[in-house]
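Shown next, in structure tokens, is the structure this report addresses.
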Amino acid sequence: MATEDKGLHYVETTPPPIRRPPVIELGALGWIKRNLFSTWYDALMTVISVAFIFFAARGLLIWVVGTAEWSVVTNNLRLFSAGRYPPDQVWRVQLALMIVTFMAGISWGIWGRMVRLAVILIVVVIAALFIMPIFAEMLPIRPIYTLVTAEGETIPAMAFVADPGDEITFTLTPVTDETIMPVGFMDMASRIAWGQIELERNTAQEETETPQEGEGEDTPEPAAPPDLIVHVQLLDANLELLSEFEAPVEGGEYSTTIRLPDAGWYLIVVDKEGTAGAMWMAMEPLEPLKTDLASETAREERYGPVPEVEGRRTRVLDAVYLRFAGVRTLGDFISLHIGPFAEALKTTTLILFAVLGFGYIMGTLGKAHEKLTKRLTLIGWVLSFPLVVIVLRGFGNSGWLPYVSTDLWGGLLLTLILAIVGIVAAFPIGVLLALGRRSNLPVVKIFSTLYIELIRGVPLVTVLFTAQLMVPLLDPSLANVDNVVRAMVGMTMFSAAYLAENVRGGLQSIPKGQIEAAKALGMNDVLVTALIVLPQALRAVIPAIVGQFIALFKDTSLVYIVGLLELLGIARTTISQPEYVGLQREVFVFIAIIYFVFSYAMSEASRKLEESGAGAVRRR
Amino acid sequence: MSEGPLVDELYFDPSEDIIICHKVNKWFGDFHVLRDINLIVKRGEVVVICGPSGSGKSTFIRTINRLEEHQEGTIIVDGIELSHDIRNIAKIRSEIGMVFQQFNLFPHLTVMQNITLAPMWVRHWPREKAEAKAMELLERVGIPEQANKYPGQLSGGQQQRVAIARALAMEPKIMLFDEPTSALDPEMIKEVLDVMLELARSGMTMIVVTHEMGFAKEVADRIIFFDEGRIVEVGTPEHFFTNPKHERTKLFLSQILH
């Protein structure tokens, strides 16, 4: 081909083919280089971030798996979910939840698409709920320990239950200078005593390392030689002696296995002789008994009342008396916490997923008569709210749905109700206020502006207090209004003002031409607003509105100040129970997770909403 | 012409004259935008308004459906005087279709919904009737296949044709065009003008603000030249293009016709 042909006026005679864009294969290493280490400061940032994430995650993981005492969560799930709602009526909370879940399922079926991620998530959760308890059962259980010291107080008689054929192995190990704390369940007295021993050991070590100057003046007296003898008796429910043994501290490790003949309660009575020394006594296989109401009732039915010996306190070897001590392994974590947690949630969650699936199928089937189903679903949603309130609140003293005062509603139940009512009520009020603020009618405009600025100028807490304390002063008849309702009104009023400002921003973003075009078609102001301005304005500010909803959801935690026990209030109540003292971290991390899950779900839903329908293509 | 009712000293015939403007004045703040505008438009007449920018021509046609309020003078549209009475305004607006320079389609609605919205909510037509009418109009403007798209998916020319269909769906007696081709790419101007041409020939009363002199020459019954808020020259296209009287008109024509 002659190159001189390709001059300034050269045009290809055959048009170049239309091709797909070239695919650039990077590969994993290429990707890493390009995205993480492309410049020296990128590399620096990557290294710093990864190091930070690593240390934070490692610390958190060690705490979550190794030391955190999650039983406070598992044992109080009912409190967290429904507060002080009467335990025998909790089925009503579940029924209410099922109603809402069913409606959600139908809506998903008719409006939504099958989201693969959601399905996978559900399957994983179900699988975990089934597998985890089984897995937990398979894992070995750590022994129960008690520390017997010569100087210590009398050890209470320890009660446990057994079935015929069960065996129990006692292992007594003398405490020497090298003994470390065993990993397993132990009572508080043993922990404290062990802490004492460790303290003494440390001070003794320090003294030998830094010998004092005036040597020989006050050399500590050499400790008395350990002479402890532990005497253990095993009694049955009728306090008859079944077996007994003695273990002297000089005898080294002592182990014995006793077969338990009958089903019922047994008591371990420990006596001791001597002036010095200590021994760890391990008992296995023995599990701390559950302390929830249902388990306790079942136990009493099956094994009868707890026997007691005279002249000595009797303690049941249960989850309140015993705590896990020492750093757990992952296996311990699963068998101790994940298993029971999954077990506790299993039934409810499975039922809810079943209801959700049923609703989804109904919704999908309803697509044959799409218009009708959609209309019925909307009516269903509208009706479901009073229905839920009726189910939860009940009426009179009827045997079927006895009245449950809203003062008893609490936990996640109250949080969700406050948030949902707040969102549903605040939205229309906020829209009206936003329109009012832009109105041409001076009175409406001034009222809206005043309301918005006034509410935005005060903290939510003051609004809640006003609703709670000052409203009755306005009119005595308002004093009878329910506390929960007052909190709802306060939250709604507060959120409406913020929503109004968000919506106003959206209204301002609508070009004047839109309104002119609608007016030129003969639409009146109401039609222009409802059909042209609001749909566009609201869509434009979905992120801000949902942000406000999320804020409202989290702000429900402030109502504990006016005495309502929503999720945070319940958390504070829980950790004030004596058996859960010192477990604030576990409880707060747990409720933080709950708040996060709901908030994230809302923000995810808003993103879907933005992308849906005309949103994707609406503007050029 | 028989003598009809009297507005001040202005005689008009209600059976023939559909728009009557008498001594219309308007100010934006202190700025006098419209100065004593007098104009009578007959049924079926096509009036083209031209003039330099800022001369008040857009403002004038917007006073006819009261998107702008005039402060002095009288405007009578199809026998109804424009006043503060809200019912009058709604009634008159539903008789007048308007097409804007920037199309002003509703971006959150499909083409079909854009067209059927007003007939269904203002005229209270059943959906079937509104959609049948919409399809008929989309055929007429040549884009029936775009019915279910959103405005953002259409070209400028297509959007403006949808806007014309949307205005026609209300079965107006008068159509106002406010520089309908000014925002279009040159290649798309013709498709819109063709639709307007067809409309003019079907006997629609039209007032068109435009700089498309070819269009004016072809279909206008009268051409009105605006300058500094007043009508400087009125005449048939022949008179307007060949024998303009006013110096300003001559200057304008010399600028746009090379």
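Line by line, the protein sequences give chains W and S. Each residue of the first sequence is one higher than the last, beginning at 957 in the numbering used here. Each residue of the second sequence is one higher than the last, beginning at 482 in the numbering used here. For glycine and all other residues, C-beta sits at the position ideal for the given N, C-alpha and C. Since the model is a prediction, treat every value here as computed from it, not as a measurement.
Proximity below 9 Å, CB of residue i to CB of residue j
i, j, result
"Met-1235/W", "Leu-1184/W", "yes"
"Ile-645/S", "Val-673/S", "yes"
"Ile-1526/W", "Leu-1035/W", "yes"
"Pro-1138/W", "Gly-1352/W", "no"
"Lys-504/S", "Glu-550/S", "no"
"Leu-1278/W", "Ile-1100/W", "yes"
"Ile-557/S", "Ile-518/S", "no"
"Ile-573/S", "Ile-561/S", "yes"
"Ser-1404/W", "Ala-1456/W", "yes"
"Leu-1577/W", "Leu-1245/W", "The displayed coordinates of chain W run from 957 to 1576. Any statement about residue 1577/W would go beyond what the structure contains."
"Val-603/S", "Ala-571/S", "yes"
"Val-1104/W", "Ile-1097/W", "no"
"Val-1360/W", "Tyr-1041/W", "yes"
"Ala-655/S", "Ile-521/S", "The sequence shown places Ile at residue 655/S, rather than the Ala named in the question. No, the Cβ-Cβ distance between Ile-655/S and Ile-521/S is not below 9 Å."
"Ser-735/S", "Asp-659/S", "no"
"Ala-1382/W", "Ser-1451/W", "yes"
"Thr-901/W", "Ala-1115/W", "This structure does not reach residue 901/W, given that chain W is present from 957 up to 1576, and the question cannot be answered."
"Leu-1490/W", "Val-1387/W", "yes"
Per DSSP, the bridge partner or partners of residue i
i, result
"Val-580/S", "Phe-658/S"
"Glu-719/S", "Paired residues: none, contrary to the question."
"Leu-982/W", "Partner(s): none; Leu-982/W has no beta bridge."
"Arg-1279/W", "Met-1142/W"
"Phe-509/S", "Phe-512/S"
"Thr-740/S", "A question about residue 740/S goes unanswered here, because the residues of chain S that appear run from 482 up to 739."
"Tyr-1259/W", "DSSP, once it has assigned bridges, lists no residue as partnering Tyr-1259/W."
"Met-1235/W", "Val-1104/W, Pro-1130/W"
Secondary structure of residue i, DSSP reduced to three states
i, result
"Thr-1285/W", "coil"
"Trp-1365/W", "coil"
"Asn-569/S", "helix"
"Asn-546/S", "coil"
"Asp-675/S", "helix"
"Arg-1574/W", "Confidence at Arg-1574/W is low in this model, with a pLDDT of 46, below 50, so its placement is unreliable and the value that follows should be read with caution. In this structure, Arg-1574/W counts as coil in the three-state DSSP scheme."
"Ala-1140/W", "According to the sequence as given, residue 1140/W is Gly; it is not Ala. Reduced to three states, the DSSP call for Gly-1140/W is strand."
"Gly-1172/W", "Unreliable positioning characterises Gly-1172/W in this predicted model, as indicated by a pLDDT of 49, which lies under 50. The coordinate reading is nonetheless provided below. Note: Gly-1172/W maps to coil in three-state DSSP."
"Thr-1023/W", "helix"
"Leu-1577/W", "A question about residue 1577/W goes unanswered here, because the residues of chain W that appear run from 957 up to 1576."
"Thr-1127/W", "strand"
"Lys-1401/W", "helix"
"Pro-904/W", "A question about residue 904/W goes unanswered here, because the residues of chain W that appear run from 957 up to 1576."
"Ala-1052/W", "helix"
"Thr-970/W", "coil"
"His-727/S", "coil"
"Val-1188/W", "strand"
"Glu-1252/W", "helix"
"Phe-1505/W", "helix"
"Ala-1561/W", "helix"
"Glu-902/W", "Since the first residue shown for chain W is 957 and the last is 1576, residue 902/W is missing from the structure and cannot be characterised."
Range covered by the beta strand (DSSP E) that runs through residue i
i, result
"Met-1070/W", "Note, Met-1070/W: premise wrong, no beta strand (DSSP E); not H, not E."
"Ala-1115/W", "1113-1118"
"Asp-559/S", "Looking at the DSSP string, Asp-559/S is not in any beta strand (DSSP E), and its letter there is neither H nor E."
"Tyr-1041/W", "Taken as a continuous stretch (DSSP letters only), Tyr-1041/W belongs to no beta strand (DSSP E), as it is neither H nor E."
"Ala-1203/W", "1197-1204"
"Val-1225/W", "1220-1229"
Boundaries of the alpha helix (DSSP H) in which residue i is found, first to last residue
i, result
"Thr-1329/W", "1326-1349"
"Lys-698/S", "694-700"
"Thr-1305/W", "1295-1322"
"Asp-998/W", "996-1017"
"Glu-620/S", "608-621"
"Gly-638/S", "637-649"
"Met-1447/W", "1439-1464"
"Gln-1470/W", "1468-1476"
Under 9 Å from the C-beta of residue i: neighbouring residues of chain A
i, result
"Arg-1495/W", "Included in the structure are the protein chains W and S, with no chain A among them."
Interfacial residues, the stretch 1468-1488 of chain W to chain S, with Cβ spacing under 7 Å
Gly-1469, Gln-1470, Glu-1472, Ala-1473, Lys-1475, Ala-1476, Leu-1477, Gly-1478, Met-1479, Asn-1480, Leu-1483, Leu-1487, Ile-1488
Under 7 Å (Cβ pairs) to chain W, residues found in the stretch 710-733 of chain S
Contacts with chain W (Cβ-Cβ distance below 7 Å) from the stretch 710-733 of chain S involve no residue at all.
Name, going along the chain, the residues of the stretch 676-687 of chain S whose beta-carbon falls closer than 7 Å to a beta-carbon of chain W.
Across the stretch 676-687 of chain S, no CB contact with chain W closer than 7 Å is found for any residue.
For the stretch 598-627 of chain S, which residues have a CB atom closer than 7 Å to at least one CB atom of chain W, in sequence order?
Flagged, chain order: Leu-598, Ala-599, Trp-602, Val-603.
Along the stretch 548-571 of chain S, where does the CB come closer than 9 Å to a CB of chain W? Name the residues.
Leu-548, Ile-567, Ile-570, Ala-571
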